[in-house]
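What follows is a short report on a single structure.
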Amino acid sequence: MGAPIPVLEASNVQSDFLRNINFNVSEGEIITLIGPSGAGKSSLLKLLNRLADPETGQIFFYNKNIKEYKIEQLRKRIGMVFQSSSLFEGTVEDNLKFGPSLFNEWEHEEGKKLLEIVKLPTDFLSKDVRELSGGEQQRVAFARTLANRPEVLLLDEVTSALDVKNVEVIEQFIKGIVSKEVKAVLMVTHDIKQAKRLGDRTFFMYNREIVEQGDTRRLLTDPQSGRLQAFLKE
Amino acid sequence: MAPEISNLSMFFLIFFVLIPVSLSYLYSLGLSGPILWSSFRGIVQLFLIGYILTYLFSLEPLTGITIMLTVMILVAAFHASKKGTGIPYVRPITLCIIVIIEIFVLAMWLGFQMISFQPDQVIPMSGMVIGNSMVAIGLALERMKSEFKEGESKITAALALGAKPEQASKILVRKIVKSSMIPNVDGLKTIGLVQLPGMMTGLILGGVAPIEAIRFQIVISLSIFASVSLSAMFVTIIFYRFFFNENQQMIKIEEN
Ligand SMILES: Nc1ncnc2c1ncn2[C@@H]1O[C@H](COP(=O)(O)OP(=O)(O)OP(=O)(O)O)[C@@H](O)[C@H]1O
Ligand SMILES: [Mg+2]
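Protein chains in written order, with the UniProt record's numbering: chain F, 1 to 234; chain C, 1 to 256.
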């Protein structure tokens, strides 16, 4: 194995909701973000695809400041899935083709492949999204983001509203996709066990800072800071 | 020959108003005050406008029409833009929209000689168009604020997929335009069946043959319909951009 290729890097990032953020993410990594509510986990993800901008500090995507990318291109390459599926009105296909159509890249066949990836029947394409269950909606939201062929996936508590079966499908899928189509995944989770199952490395956030970061197993079995020790005991 | 309404019979109308007032009192709806006040205000406004119109009709057409249209447009813009407080430039832009629409319908009416350039024709016809546009613009502004608030997660999802603000807003625009047009679409569907439209009623009471009256009614109804749709579309086409910053991020419009 050669030297790890850096995908994302944050250096001294500060914003209204974040302080002193430093980290880097390499190709092939799944990073899990944990921490109490209000710690700044969602705020951190939003900086990476420029849904918000920091006041000071820099963020690099493949060694280039994210401000130097065209915003639409950056967001296409760094895809995001949210806790609530936030599907658009219309059919499943309307949703799946939304991203690619913006860049004139949609083909009907593509839709079927995407549904297969998230383990939904292909005849769902013409279904109205209002007819889907919560788990199905979340899977469509996933497929919708994948339709853009992102290189990085930002996942904000995507499984927290789902049952065990749906969580399993999505976890399998995250594991399977990283380092194939997707180069890196950053995922926020409230579920420590999920962090253990998926995270190569984990960032623990508390009060707008990354208090501790490192190898997931080490971090969770041998926490250094009192904050993390207390958080894990809850 | 138009029927005359005597002062005495006008006076007896007051008893009609007392019905809702006493209902409000009985069920303690707390509406007695507002009902009395708005009835009183309405009557005074109408009397005033009666005298003002008489005066304006006696002026040169150009003078009378210009004065009255300016007043109507200013009031309408002021009133409609109140629904959009917090949105930048809402007042001047609303004013421009109403002016453009008025010019558009006026050009059509006069161009096809549907009406002539006389205060007694231009002013009431314009009043209907301006009034309806005012309501539509107000509805669209109000709806826009609430849709952007409720639909924040959808817009964010669209932006995150690489949509520009204009493309992201499209997922809400259809809904906003539609809901601002609903009152008029519903009105058009049952027009003449449930309620004889105000203008036609007026013409018939004034002695115009029904078959003539409907021609005017068709002109005004369609003009209103066109202006209402245009108003709502203009509002969404122009105002969506104020919900985003230059980095294609959503900003919150504060209510105040
Ligand atoms: N747009 C905003 N306006 C006002 N406050 C905000 C905004 N976004 C974030 N915050 C504040 O910033 C802090 C961090 O919020 P953030 O959503 O990032 O937390 P989180 O770690 O994702 O929490 P949760 O686990 O509850 O999702 C919170 O105190 C929140 O109230
Ligand atoms: Mg969050």
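C-beta atoms are modelled at their ideal positions from N, C-alpha and C, and glycine is treated no differently.
Would the C-beta of F:Val188 count as close to ligand 2, meaning under 7 Å from any of its heavy atoms? yes
Which parts of the segment 115-183 of chain F are runs of the beta strand (DSSP E), unbroken and 3 residues or longer, counting only runs that do not cross its ends? Entirely contained in the segment 115-183 of chain F, the beta strand (DSSP E) runs reaching 3 residues are, in chain order, 152-156.
For chain F, is any of its Cβ atoms less than 8 Å away from the one on C:Gln121? no
Once the 5 residues before and after C:Asn247 are set aside, which same chain residues still bring their CB inside 6 Å of it? Taken in chain order, the list of residues that qualify is empty.
Per DSSP, what kind of secondary structure is F:Asp215 in: helix, strand or coil? strand
Under a CB-based cut-off of 8 Å, is C:Thr236 close to chain F? no
For ligand 1, is there any heavy atom lying closer than 7 Å to the beta carbon of residue 257 of chain F? Because chain F here runs from 1 to 234, residue 257 of chain F falls outside it and cannot be looked at.
F:Thr91 (DSSP reduced to helix, strand or coil): strand
Chain F beta carbons: is any one of them nearer than 8 Å to that of C:Ile171? So yes, C:Ile171 belongs to the interface.
Start-to-end residues for the alpha helix (DSSP H) that takes in F:Ala10: Careful: F:Ala10 lies outside any alpha helix (DSSP H), inside the beta strand (DSSP E) at 6-15.
Looking only at C-alpha atoms, which of F:Lys196, F:Arg149, F:Pro100, F:Pro36 sits nearest to F:Leu228? Restricting attention to F:Lys196, F:Arg149, F:Pro100, F:Pro36, the CA atom closest to the CA of F:Leu228 is found in F:Pro36.
Please work out which residues of its chain come closer than 6 Å, Cβ to Cβ, to F:Ser15, disregarding the five sequence neighbours upstream and downstream, and give them in chain order. Pro54, Glu55
By the three-class DSSP mapping on this structure, what secondary structure does F:Ile210 have? strand
Based on the DSSP output, what are the partners of F:Ser26 in its beta bridges? In the DSSP output, where bridge partners are listed per residue, F:Ser26 has F:Pro6.
In whole angstroms, what separates the C-alpha of F:Gly226 from that of F:Glu171? Each residue's alpha carbon lies about 30 Å from the other.
Does the contact criterion of 3 or more C-beta pairs under 8 Å hold for the segment 129-148 of chain C versus the segment 172-183 of chain C? yes
Just list the residues that DSSP pairs C:Met250 with in beta bridges. C:Phe244
Say whether chain C places a C-beta atom closer than 8 Å to the C-beta of F:Glu107. no
Step through the CB atoms of chain C and report whether any lies within less than 8 Å of the CB of F:Met187. no
With 16 other Cβ atoms within 10 Å as the buried cut-off, status of F:Gln137: buried
Throw me the rounded Cβ distance for the C:Ile52 and C:Ser227 pair, which I believe falls under 8 Å. That belief does not hold up - the Cβ atoms of C:Ile52 and C:Ser227 are roughly 24 Å apart, past 8 Å.
Is there a Cβ from chain C that is less than 8 Å from the Cβ of F:Ile170? no
Would you list the residues sitting across from F:Lys64 in a DSSP beta bridge? F:Phe61
Cβ-heavy atom distance, F:Met205 to ligand 1, below 7 Å: yes
Among residues of its own chain, excluding the 5 on either side of C:Met200, which ones have a beta-carbon nearer than 6 Å to its beta-carbon? Within the same chain, and ignoring the five residues on either side of C:Met200 in sequence, the residues whose Cβ sits closer than 6 Å to its Cβ are Ala213, Gln217.
Quick one: Cα of C:Met1 to Cα of C:Phe242, how far? With a pLDDT of 49 at C:Met1, under the threshold of 50, the modelled position of this residue cannot be trusted; read the value that follows with caution. Near 54 Å, if we compare the C-alpha coordinates of C:Phe242 and C:Met1.
Give me the chain C residues within the contact set of F:Gly99, using Cβ-Cβ distance strictly less than 7 Å, ordered along the chain. Leu161, Gly162
Quick check on DSSP: helix, strand or coil for C:Met1? Note that C:Met1 has pLDDT 49, beneath the 50 cutoff, so the model's placement of it is unreliable and the number below is only indicative. If DSSP states are grouped into helix, strand and coil, C:Met1 belongs with coil.
Exposed or buried, what is C:Asp186 when buried is set at 16 or more other beta-carbons lying within 10 Å of its beta-carbon? exposed
Measure the C-alpha to C-alpha separation of F:Asp222 and F:Lys76 and round it to an integer number of angstroms. 37 Å
Is any heavy atom in ligand 1 found nearer than 7 Å to the beta carbon of F:Gly35? yes
Which bits of chain F does C:Lys149 rub up against, with CB to CB less than 9 Å? Here the premise fails: no neighbours, minimum Cβ distance about 14 Å.
On the three-state DSSP scale, how would you describe C:Met134? helix
Would the beta-carbon of F:Ser43 be found less than 7 Å away from any heavy atom of ligand 1? yes
Should F:Arg197 be flagged as near chain C, meaning a C-beta pair shorter than 8 Å? No, its Cβ sits nowhere closer than 8 Å to a Cβ of chain C.
Would DSSP call C:Thr236 helix, strand or coil? helix
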